[in-house]
Structure formats: structure tokens, C-alpha cells
Amino acid sequence: MSDKLTYITLKIWRQGGPDTPGQFEHHVIEEISEEASFLEMLDILNEQLIEAGKEAIVFDHDCREGICGTCSLMIDGKAHGPEKGTATCQLHMRKFSSGDTITVEPWRASAFPIIKDLMVDRAPLDRIVESGGFISAETGGAPDANLIPIPKPVADAAMDAAECIGCGACVAACPNGAANLFTGAKVTHLNLLPQGQAERYQRVEAMVETMDEYFGSCTNHGECEAACPKSISIDVIAVMNADYLKSKFKNRKKLSRT
Amino acid sequence: MSQTLRRGPVSGTAVGRGAKRKPFLLDFYSTAVGKKYVMAITGIIGIGFVVSHMIGNLKVYIGTVTEGGQEVYDIDVYGEFLRDLLVPILPRTVFLWLLRGVLIGAVLLHIHAAYGLTVMNRKARPVKYQSARDYEVANFASRTMRWTGIIVALFIIWHLADLTWGWANPDFVRGEVYRNLDASLSRIPVAILYVVANIALGIHLFHGTWSLFQSMGWNNPKFNQWRKGAAAGVATLVVVGNCSFPIMVQAGVIEFDPTVTSVHELHEEAAE
Amino acid sequence: MSITLDSKIPAGPLADKWDEFKAHEKLVNPANKRKFKIIVVGTGLAGASAAATLAELGYQVDAFTFHDSPRRAHSIAAQGGINAAKNYKGDGDSVYRLFYDTVKGGDFRAREANVHRLAQVSVNIIDQMVAQGVPFAREYGGLLDNRSFGGAQVSRTFYARGQTGQQLLLGAYQQLARQIGMGGVKLYNRMELVDIVVVDGRAAGIVVRDLMTGEISSHSAHAVVLATGGYGNAFFLSTNAMACNVTAAWRAHRKGAAFANPCYTQIHPTCIPQADDFQSKLTLMSESLRNDGRVWVPKNPDDTRAAADIPEDERDYYLERIYPSFGNLAPRDIASRAAKRAVDNGQGVGPLKNGVYLDFADAINRLGQQTVKERYGNLFDMYERITGENPYEVPMRIYPASHYTMGGLWVDYELMTTVPGLYCAGEANFSDHGANRLGASALMQGLSDGYFVLPYTISNYLADWLNKPIPGTDHEAFKAAEQQASDRFRQFLSIGGTRSPDYFHRELGKIIWDYCGMERTAQGLEKALSEIPALYDEFQKDLRVTGTGDSLNQTLEKAGRVDDFFELGMLMCRDALVREESCGGHFRAEHQTEEGEALRDDENFAHVTAWEWSGDPMAPVEHREQLEYEEIQFQTRSYK
């Protein structure tokens, strides 16, 4: 049978709503298996709370496979907790020891207002995509998929950037609350591909400018890359910066001919 | 920038985007990415100045040379050389003032952009984390840019007052670089101030130099791995070079000899 | 009200049916499309692609998701790939072969015409997704790469690392986001459907609950599309996301939409075995792992040695032994049952003896660790994160888990349910996979429905409603539905019992898994049909939902979903009970060959069972749609 942690203490942020003040609440959980995931540990706590007549702790989660990007949480001062390249839902209790006090806080940024307890609203990330994070290819008119060969290294690099799960950990971890890794990843994914060239410059301009409405600026700390559950490289930020500069300084009509 | 929670259907979020544009340079500068470009370019100007300033100052170690049959300090000659740049195309010191103009402009823009970005970043997280953050890669240099920047700016003002205008140096004699240097750095508190300020400058340069590659979008797997090394190299070079002056003055290696002729007077006379 | 099942399959030869339909359907001219409002519930592959495409055509589209963002839908978790009859490999693939494989894989319980259409449009899907920037895997020459998948003898699966579902969903999401940005789609996020409103026998709109405020409101439209996914979470433990539920489909069922083949559930053979009782969900490891991994158990049930210490001749590579021609790539239902037999036989491995080995030692020897890492690196990493074991060194342990549901709302050829104006797309409908779905076909079906089927078929219905008034949300039917919904949620809050919704979900799931899981018997199903109502009774008396109904309350959300799973659970068991044969994912122990393979009864059961709601979850009304096979002859499905 699996090993158990005899007890852990949780220091969890509770907040009734967006405009009410919040505070930390302490809970002790006994006998938790090392095989449990962090969120399963919270499930167990919640079930205990409900059966004791208390309100369950609200937290965002869904697929629990590290791909949907719904889960969040600042665990012991790190976005998605201590394990590298891992979303909170894939963090397991074997990473902790008996007697640990674990501090859990919601992500904080003005763009991510707290909805309740540990849940925040990440809608501005959608706004960035809506402003240009797509290729305008309406259904029906697509040419054969093999018509435009894409060199493997290009497809691979686009895929590296496309892995972003949109969880917002980059914003949460950034000391400036910047979303450059998120935006850079989408810009890089689409701007690398031949299919993305037609809208390359208007895309980067629109996305960067929408990003500015909600988020802070990048000062190249690199915290986003360290927190990213998909380990997306800050190289994508450089790609975005380069394309943004080109977009501003070059003649669009000429660009389309290159 | 700050967002309050709102409910309701979402639609047409990209309609009308970018309809009104400022003149293009202002438009570019109005975004955070544009400001970072400005910081990077002005940073490059600053790095260029700091490095050449340090290399030029190394001339103190040459000591005296013989010019026109008279023994003069080489660094004083270098000072005159800078004032005489592009003479006779331009009158004496004009080109130097142009260079200074560029440098002052760069510093002011650098500070303006930094201020704008700082305000933006403060707004982006009005409520701080209530528990301690555990940073993974953000280092002392990257997180203290604001403070090292302010220290360097204040130091520059002091430095000008000390060795350019002479207000902070009772023994100041205009144009006599070697003499002024010795006079200033012989004072122990001043020597310490120079060392501390240069360490702050080095820290600022370390993050700044690495960071400008990212901000400028200079990203290539061929040289990416060298970026941090290059930044550390530049910072170390500047700190070691600049700190050597107060240390060597204190050690007595650099010591002004009043018998050496003043080059500045010779040149001033010649110019008239 | 009584239901008639008219499949509306167009006349003519199978291969021409879709073209025939498109040639003669009613259209709405571009200027008039603005006059129609369509509600799309769900923003997964089917929902997002349908909403985006309908908006591109010019309809007013209101899209609803209970997630914070459309990109969270569970389509995102699909790993392996998407099938398409492109025949880029020149290995003998064709539309017909994809169609045939799908019908055969579905154990001859799917509707031929639908499956053929699916195979036909599969090629358009790949073109569309590439045009949108989905970074599919490529070969060095720059052309698209393919891999092979269970149940097929050709290489026709397109993939994007182990994250094909993610990349396809992001493609559809971006297309939807573009429409939201341009104003073509109105997005309502964190809104859960709580009822469907039917007025004069036609879908008039929906009632939703704002998850953030608890507010209940109505939305009316000319047509409603449900793309709300499958009901695999009825088992509690499944590979579905935590929030996946049957509520939208079930509410539609209660308003007159027939529910077809609920007993057809797919158990995926390669999941990480349960580690403990508290576990909340199971994690799937892509089926593509079976391309290079070999499945085995120790021959001796009492063997306690570590895997590496068990010599070759004491291992039973049972899939390779029983199914020599497909081996480790046998279809999902077959591989799952074989694993269950081994574990039931006591040959299971791992601390709870509840898994079988999936061993990469040979592949690592043959290809080198680097190649294996390139192919499956992210899956290996995920396995290690979850289990703490390094699969490069010790074999993975896997066991089947509920993964996909072939059953769902009954739809005709045009994807319309038995309620006119109510459409159902993607996993939520029953149409294309028969009794078992082949790997890499779910993504294909979701996108096919959303991109290339619904946008055509919906105009055939809408054309008749041009310039005719539709009831608004002030209609009494909407008011009544709103009242009912708010009463229902108030009721959950007021029971004041002792047990959480999760407790009941877990208990319910255990019953369904034990009696209506991988192997079913009449006796077991009868037992389940007596246990579920008893537990449901307890749920209604002893449920405890803390908090209030006017701010975000995940416990309350869960209570509503579990409530619907109870009623669905009864229908699943009823359906499994009346289907006295074994086919695909439905295995009745009474109906098996001497070797333990599924024994179909084509004479009596070559039909779709579609259930009508009667008001009593224990007494649904059975309807049948006979399946006519014009092109394909029944045959015993053999993968030996």
C-alpha cells in the first residue's frame, strides 16, 4: 500500500466575493496518501467541510490531466506549486512531507479579479486571442492540407509555442503581472507557419495592444518560463517583440510581397 | 487597465480596435513593447558610453607622456582630444556637446520609459500576494533594476558635480583630469561611494545587457546561450575597470604630481 | 406525446447520399440568415466549430459554456490523433475503407449513411485545420505525417505530438474567438444549461444558470444545438474531466428527445490504474502507446517478482497470443476485456494487483531511448508525475477505464433530435460509432458535425421559419421552466442531510461500474436497477449542500449534475438489460463465444434502442430504429 503523510497544515485563502476582504484560514488534514494529487487532497478537505456543514473551498479545476488550463493556485509562493513543468492538477502529495504547512493563495493580478476563494477570472486572455490570435480561414475554402509543405523544424517550433494551455501562470508568476509569455506563444505559433503570414503583422499589433490594456510589462525576469506548466520558452517573447517592431516600421504593402 | 469583474455576454471585443492612431513613433512608444525597445536602444547607448568611458579612463595608468617637449598626463591629453573632436570642421567642443546631447537624451528617455512601465506594472497587480513569493529565476539584479537605476542616476549627478563641474571637489581645477581624480578619490568616503555606485551599475548592466537582447527581439539559438555570459562579461569589465580607480588612488598607485604641465591650459591658449 | 424515429436518410446509393442531400435541401439566402438566432450549448470541438461556422455563414449565434473560457472543453484532452481518409501514405486507404473500418469497429450497430458521410468529410477536416494553423506532425520533407491506430490496417491518423485534441480544439476555439471579436457570436461563459424549453412541439430556447451569481435566465432562438459531450462521468471514475456531465442531454431527454443506446460506453484499455479509494479521476495514456508497447502479465498469478525479474517464458503477452494479426493494436473493447480477464484471473500487477504491464523494454532496445522519448516523451513524463515510477526503467501499469460514450441523444441524418429544432452534435449524440468507437475517431466526428454537417442541415429546418414569429423569453413556458429550475436548486440547498454530492456520485458510480461496466449480466443489471433507486432515494433525503444559491457554489452545481446521473444510470442499466446480446462496448456475459468473445445477435438486435422519457426514470418507453445495411454484410468481428 502507498505511504501516507501523517498530517499537513493548509493555510488557504478564503474570500467571499470579488469585493469582500479575504483572509487565510488554517486546516489540518490527517492521513493523506502520497498517491493523492494536490487537488484530490482539496477534494477530501471539501468533503469534510461539507459534511461538517461548512462551505466548500472554491477552486478552478477540470481535466486534471494538465491540459485544459483551468486549474491555478499559488502554492507556497509558486504558481502551480513546486514541481517544474507541472500544472497544479498533476502535482502529487509525494512532493510534500509530513508536518509541512502549505500556503495556498489565488493568483493575483488586476486582470484576474478574484471570483471567490481561490478562483479568479482570466477572461482578458480570451480578449487577446479575440483581437488577433487566429488565422482567418473560414470553413469550406481550405486547399489540400499537403499543398503547402512546412519544414519539420518550423512545424516543431510552432508546436512548441502552441502547447500553451492558457492557464495564466505566466501572469501570476510575473513580478509585473505581464502576459507576454501567453501572447508571445500564440504570436509565435501562428507567425511561424506559412498559413499565418497573411495576417502576421496585424495579428501581432492587435494582440500586443490588447495585452497592454490589461497587463503589466515584461522586464525579462524569466519567472513566466519557470512557472509555465508546458515550459514554454521566453524565446517566444523575443519573437513577438521582433515582429512588433517590424510591424510598426515597415510598409505593410511591401511586406506582403516578401 | 485594472479590471473589475463583470458579467454579461461577450461579443464584438475586437471591433473598432486600432481605429485611432497617434503619429507612428508615439504610437509605437505608447505600448509596453515599444517602451522596452526604447529602453533597450537607450540602454545600448548607455552601455556604449559606460564602456568607452571606462576604457578611456584606463589612460590614468599610462601616467605621463611627453607632448611638445613637455611632460603631461596622458589622460589629460585624452580629455583635450575629446574636446577637439572634429576640429576644424566644427568649433572646439561642439561635437562633444552633440555627443553629450545624445547621451542626455538617451538617459532621459530611459528614465521616462522606465517610469511609465513601473506605473503600468504597479497597476497590473494592485493587491500583492499575501504570502511570501518563492522566485525561481528572477534574480537580485532583475528585481532591483528600479533601485540600482535610481542609485546610478543619483551617482551620475554626484559624479558630474565632482569631476565635471567641480562643485563637490574643493581642489577642482578645470581640465586637469588626473589632478581632480586624485583629489577626489583620496577622500575615503568618496572612494567608498564610487565603489558602491559602480557595483550598483554593474548589477544594473548585468540584467540590462541580457534583457536588451530579449527586448530587441534578438533571439537566435546560435547565440542565445552566450547572452547571459556576454551580459556578465560587460558588467564585470565595467565594475572592475571603474572600481580600480578609487582603489588605486587609495593604494597610492595614482598620485598627482604638481610638477607636470597642464595640457588644458596649453590647448585653451592655442584655441584663442 | 409519442415519438417517431424517422432517420431521414436520403435515397440513392450510399456514396451519393450526402451529395444528394446537399443538392436538394432547403437553403436560407445570405441576407436572411441574420434573421435567425441559433443557440449553441458547449464549446468543445463540435460546439466551437459549429458556432464559428454558423456565424461565418451569417446566423446570429449565442454560444454557451459553463467553463470560464471556450478553450477549456474536454476535447482538449484527446491525445492520440484524428483519422482521415487522405491516403497520403498510399497504403490502400480510401473513404470506403474508413467507412468500413468504422462500421466494423462499431460492431455493426452504427447507421451506415452517417458513417459514410463522416468518412467523406474527414478529408475536409484536415484541410480546414491545417489552414487554421494546427501544427500537425510533419515529415522532414514538410508533408504531413501519419501514425497507425487500433482497429485499422492503414496509417491514417494525423497527430500533433500527444496533444492532438488540444491543438484541434485551439484551432476551433481561435476561429470562434475571431467571431466573438467580430461580433458574430455572443459568448456566455460560466453559464450552465438547466433546462430546454419546448413550445408547440418545437425547441424554443434554453434556461441557464449563471454559475457566478446563481441567477436563472432564459434565452430563445430559432434552433438549439447541444454539443455538450458524453456522460462517461456516470461511472464517477473515468478519464473525463471533473465537470463533464449529462445534464444538457438529460434535460433535453426529459423534454422529449429520445436517448439512444445509453449502454454503449467505451472503456479505454490504457489508463493508469486506480491508486486508492479517494481517487477523483483516472488518467488516460494515449492508445498510441500500444504501437510500441507490449502488453503482458505474469503467467503465474502468485508471482510477486519485479517485472524485470520475470523471465520471458513466464510472461503472458496475451494480446499477441490471442489476436496474432492485430496483436497489441486490437480495438479498445477487445483489449479492455482481455485486461479485465487477466486481472480477474489474479494475474494483475502493481500494489493493488489491478493493472497489466505495458512494456517498452523491447522498443527501447530496438529504437533507442531517444526515439522512444521523441514519440512518447510527454506521456512518459505524465506517467511518472502521477505514479512516481519511471517508465523508461519499469513497465507502465495500465488498466481500462471509462472514456467515451457512444450512446447519446438520438438524432436523424440531419443531426436533429426527436424535438424539432433541437440538434445534437459530437459525443453528445449517438450517431456514428455504433457500439464501439475506434481510436482517433472522436475528434473526427466532433469536427465533422460542427464544421461540415450541421451548417448544411440546419438551413433545411430554418428555411421554413423565415419571417415567422417565435416565442420570446416572456412566454409562459419559459417562465414555468425558470421557476422549476430555481425550485430545484433551492430544494438541493434545503435538504440539509449529511452527505456531500461527491459521496453520492462515488456510490452511484460504483454500482454502475460493477454492474454496467466492462461486463454485464442480467442478474447484475437487475441488482443495479434496485440499488440505484434506493440510493437515489437516500440522495433526495440525505444530501447536504452547504453555502447559498446566489454566489458561486461548486457543491450546488455538482448536486444538479449528480441528480441527472442518477436518472441516466437507471436508463443505462435498463438499456443494457434489454439488449440481450454482446456487441462492442456492451458485453453481456451470457452472450459470449467459447473463447470469451462478444456474441452478437444480428437477427434480433440490429437496431438502435431509443428511449422516451415517461416521467418515471424507472419506466422509460422503448423505441427501435432498425439498422439497414446496404453496403456491408454482417460478419463476426474478428481481429485474430
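Residue numbers (this note's numbering), protein chains in the order written: chain U, 1 to 258; chain L, 1 to 272; chain V, 1 to 640.
Positions of the beta carbon are idealized from the N, C-alpha and C atoms, including for glycine.
No experiment lies behind these values; they were computed from the predicted model shown.
At a C-beta separation below 8 Å, T13 (chain L) has these neighbours in chain V: I180, G181. Where I511 (chain V) is concerned, the enclosing alpha helix (DSSP H) starts and stops at 501–516. Residue pairing by DSSP places S220 (chain V) opposite V:G205 in a beta bridge.
Within the model, the alpha-carbon separation for Y73 (chain L) versus D212 (chain U) is close to 54 Å. Looking at the DSSP output, W611 (chain V) sits in a beta bridge with V:F259, V:E622.
By the Cβ neighbour-count rule, T457 (chain V) is buried, with 16 or more other Cβ atoms within 10 Å of its own. Annotation for M285 (chain V): no beta strand (DSSP E) segment contains it, and DSSP assigns it neither H nor E. Bridge partners of T265 (chain V) according to DSSP: V:T405. Per DSSP, the unbroken alpha helix (DSSP H) holding I150 (chain L) starts and ends at 145–163. The Cβ atoms of M74 (chain U) and Y129 (chain L) sit closer than 9 Å to each other. Within the same chain, Cβ atoms closer than 6 Å to the Cβ of T209 (chain L) are found at A231, V234, the five residues on either side in sequence being excluded.
Between T417 (chain V) and P262 (chain V), the gap from beta carbon to beta carbon reaches 9 Å or more. Looking at the DSSP output, Q23 (chain U) shares a beta bridge with U:R14.
For H221 (chain U), no Cβ of chain V is located within less than 9 Å of the residue's own Cβ. Going by C-alpha positions, D171 (chain L) is about 10 Å away from L163 (chain L).
For the stretch 579–605 of chain V, the beta-carbon criterion of a distance under 9 Å to any beta-carbon of chain U is satisfied by none of its residues.
Membership of R122 (chain L) in the alpha helix (DSSP H) is indicated by the continuous run 94–124. Taking the C-beta atoms as reference points, G216 (chain U) is found no nearer than 9 Å to C167 (chain U). For S155 (chain V), the uninterrupted beta strand (DSSP E) segment begins and ends at 155–158. Between the alpha carbons of V61 (chain V) and S211 (chain L) lies a gap of roughly 45 Å. Between L170 (chain V) and E65 (chain U), the gap from beta carbon to beta carbon reaches 9 Å or more. Close to L245 (chain U), with beta-carbon spacing below 7 Å, are these residues of chain L in chain order: Y37, G217.
F278 (chain V) reaches chain U at S33, A36, E40, D43, I44, counting residues in chain order whose Cβ is nearer than 8 Å. In the structure shown, the three-state DSSP call for I82 (chain V) is strand.
The Cβ neighbour count for P246 (chain L), taken over all protein chains shown within 10 Å, is at least 16; the residue is labelled buried.
Three or more Cβ pairs drawn from the stretch 516–531 of chain V and the stretch 583–596 of chain V lie within less than 8 Å of each other, which places the two stretches in contact. The secondary-structure analysis by DSSP pairs H221 (chain U) with nothing; it has no beta-bridge partner.
W296 (chain V) has V:Y357 as its beta-bridge partners, per DSSP. Spatial neighbours of I512 (chain V) in its own chain (CB-CB distance under 6 Å, excluding positions within 5 residues in sequence) are listed in chain order as A234, F235, G569.
Within the stretch 335–400 of chain V, the alpha helix (DSSP H) runs of at least 4 residues that lie entirely inside it are, in chain order, 361–367, 369–387. Nearest to H475 (chain V) by C-alpha distance, out of V:L57, V:V197, V:R574, is V:V197. Residue environment: Y376 (chain V) is assigned as buried (16 or more neighbouring CB atoms within 10 Å of its CB, all protein chains considered). Judged by DSSP secondary structure, A63 (chain V) falls within the beta strand (DSSP E) whose first and last residues are 60–64. For K35 (chain V), no Cβ of chain L is located within less than 9 Å of the residue's own Cβ. Interface annotation, G229 (chain L): not in contact with chain U, CB-CB separation never under 9 Å. Residues of the stretch 64–88 of chain U that bring their beta carbon within less than 9 Å of a beta carbon in chain V comprise R64, E65, G66, I67, C68, G69, T70, E83, G85, T86, in sequence order.
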